[in-house]
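In our numbering, the protein residues as written are 1057 to 1132.
What follows is the structure in structure tokens.
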């Protein structure tokens, strides 16, 4: 398992790539290391779900809880 600092750096890079995709970039490349093996993945809008899954996996490894949506309140 990677150390916490490496996982946090990978999570920041993946979140930044996700942001750039959502704000109009056509493709983003994310590079990450698993032990001595380094991999690179190119994400596009068509495989944005894979990027979301990668972010969720990094958050799980770091013990970050997923963000919950706000509960809506209606009066009337």
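Even for Gly, the Cβ is constructed at its ideal location relative to N, Cα and C. A quick note: this is a predicted structure, and the numbers were derived from the prediction, not measured.
- Taking the C-beta atoms as reference points, residue 1063 is found nearer than 8 Å to residue 1118.
- Residue pairing by DSSP places residue 1115 opposite no residue, since no beta bridge is assigned to it.
- Going by C-alpha positions, residue 1087 is about 42 Å away from residue 1129.
- Here residue 1083 is near residue 1098, since their CB atoms are less than 8 Å apart.
- When DSSP states are grouped into helix, strand and coil, residue 1092 belongs to the coil group.
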